[in-house]
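Numbering (my numbering), first residue to last: 133 to 632. Glycine residues also receive a C-beta, built at the ideal position from the N, C-alpha and C atoms. Here the structure is a predicted model, which means the values were calculated and not measured.
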Ligand SMILES: [Zn+2]
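In structure tokens, the structure reads:
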């Protein structure tokens, strides 16, 4: 039996961070369990209509991501890590969401967005349409009989203000399910429709639908990345990147013109200073596009120009809470998924903590008697947390040694770009003890070699607080979620808390 001894310095050890003497006593555990029991016994269900609903979506935020992210959070605070809690893990209600799509065992962000925003399961790659439509069918996209409306439309019809916030493009699959009816999630600009052999005049692209469609043009707050989808390819944006559109249209100008035609005040911002300077009291509509494409990872971002997710969330809430009849806000941590696809676990967990911080801000700015907050994911990923690492072991560290006496890490992926059995130039197997595994750019190893790591098909968690959140307990289909949000907020055509 070989034992691997970590060579890296800085690895945490249980003894250095946790008082074993406290945890070795029974009353410590008994008291904590009894406290939790009392909390549950005195928890009350809020059974009045929700004035506001905020949905947080961690793209690809699997349950293993939650567990590992909370350990990272705790270890950053100097704790052992396992005992830490993400902000939304304090919420009283939890359920499990089944994320498969009509044509797929493992979902993508488009069909799942149709489920958790429109209440209907769909085919892979499509948003805001039924499964009668297969991916890429431009003509079928144009047939309104195939369209399904989202909770953003339902909320607007009921007089509520609406907003979308994301760290990827505002035209990406997750927010797109809230306002677009599209046969292919990649049709973010007209250039993408044309490249796929479609005609944007027949099947308008996602950015066009956001600016000119219904409910897109009535969304009060739009914050995220993706400027290039709004600008002609003959122009460059504020940061020097080229536009992508072939139709010579500037959709940022069209968006501003539409608001002024409706006698509304509207602001377009493209950096953090401008965002934080917005007078939310006097601004009816706000469009913020902070990058040409995705926003930067929090670990890489230039904080002078790039707002954090919690700042975007705070501005969005301040914009929307002016509305007397309440609001629906969708907030996505989109880069958890992007990082996982490259097995960049350092960044994936950090982005999950960023989402946790954004939820904390929303929790503090709102009242749980009138605001329902739901936190969930669209689908899982293949990262697992395994081995028999000692308590308090660095979550990015080694769990032990494998059958070939090589070190292996607690975090690993079922598939991805860095297979475990890859060999070095001299034909020997790569030894991770000689790799800079603590670097944020380090790609964690996987079993199956794939250029891009895939999604996972396991259920995802749904954590919630506020009016009717107790309905989001148990195991349910993902498309049940917006039906509960609509019930609580008294919007949509189904049952509501206002007409029981
Ligand atoms: Zn993905």
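Taking the straight line between their C-alpha atoms, what separation do you get for residue i and residue j?
i, j, result
"residue 544", "residue 565", "15 Å"
"residue 317", "residue 210", "42 Å"
"residue 356", "residue 302", "5 Å"
"residue 199", "residue 394", "47 Å"
"residue 702", "residue 197", "What the structure shows of the chain is the stretch from 133 to 632, and residue 702 is not part of that stretch, so it cannot be assessed."
"residue 523", "residue 152", "10 Å"
"residue 360", "residue 403", "15 Å"
"residue 218", "residue 277", "42 Å"
"residue 563", "residue 192", "29 Å"
"residue 234", "residue 266", "11 Å"
"residue 511", "residue 414", "38 Å"
"residue 391", "residue 416", "9 Å"
"residue 439", "residue 621", "30 Å"
"residue 260", "residue 517", "35 Å"
"residue 374", "residue 535", "51 Å"
"residue 520", "residue 251", "41 Å"
"residue 349", "residue 183", "22 Å"
"residue 290", "residue 454", "16 Å"
So, is residue i buried or exposed, given that buried needs 16 or more other C-beta atoms within 10 angstroms?
i, result
"residue 496", "exposed"
"residue 569", "buried"
"residue 411", "exposed"
"residue 296", "buried"
"residue 142", "Residue confidence for residue 142 is low, a pLDDT of 40 falling below 50, so the modelled location carries little weight and cannot support an answer."
"residue 630", "exposed"
"residue 581", "exposed"
"residue 174", "exposed"
"residue 167", "exposed"
"residue 625", "exposed"
"residue 222", "exposed"
"residue 635", "Nothing about residue 635 can be reported from this structure: the residues present for the chain run from 133 to 632 only."
"residue 188", "buried"
"residue 530", "buried"
"residue 162", "exposed"
"residue 583", "exposed"
"residue 273", "buried"
"residue 179", "exposed"
"residue 481", "buried"
"residue 253", "buried"
"residue 619", "buried"
"residue 557", "exposed"
"residue 469", "buried"
"residue 185", "buried"
Residue i and residue j look like a contact to me (Cβ under 8 Å); what is the Cβ gap, rounded to whole Å?
i, j, result
"residue 509", "residue 592", "4 Å"
"residue 177", "residue 527", "Not quite, the Cβ-Cβ distance comes to about 35 Å (not below 8 Å), so this is no contact."
"residue 190", "residue 494", "Going by Cβ atoms, the distance from residue 190 to residue 494 rounds to 14 Å, so no, they are not a contact pair."
"residue 502", "residue 292", "Incorrect: roughly 13 Å between the Cβ atoms, too far for contact."
"residue 322", "residue 378", "6 Å"
"residue 637", "residue 506", "Because the chain in this structure spans residues 133 to 632, residue 637 falls outside the shown range and cannot be described."
"residue 353", "residue 587", "Not a contact, Cβ separation roughly 29 Å."
"residue 451", "residue 418", "6 Å"
"residue 201", "residue 241", "In fact, because the Cβ distance is near 19 Å, the residues do not count as touching under 8 Å."
"residue 610", "residue 311", "Between residue 311 and residue 610 the Cβ distance is about 19 Å, and since that is not below 8 Å, they are no contact."
"residue 478", "residue 574", "7 Å"
"residue 324", "residue 337", "6 Å"
"residue 284", "residue 347", "5 Å"
I need the DSSP call for residue i, collapsed to helix, strand or coil.
i, result
"residue 406", "helix"
"residue 302", "coil"
"residue 382", "coil"
"residue 570", "coil"
"residue 194", "coil"
"residue 542", "coil"
"residue 430", "coil"
"residue 509", "strand"
"residue 602", "helix"
"residue 314", "strand"
"residue 366", "coil"
"residue 290", "coil"
"residue 486", "helix"
"residue 137", "Confidence at residue 137 is low in this model, with a pLDDT of 43, below 50, so the placement of that residue should be treated as unreliable; the coordinate-derived value is given next. Correct three-state label for residue 137: coil."
"residue 279", "strand"
"residue 263", "coil"
"residue 171", "helix"
"residue 248", "helix"
"residue 495", "helix"
"residue 154", "helix"
"residue 185", "strand"
"residue 561", "strand"
"residue 631", "coil"
Please write down, chain order preserved, every residue whose beta carbon lies under 6 Å from a heavy atom of ligand 1. Look at which beta carbons fall closer than 6 Å to any heavy atom of ligand 1; those residues are 192, 241, 469, 473, 587.
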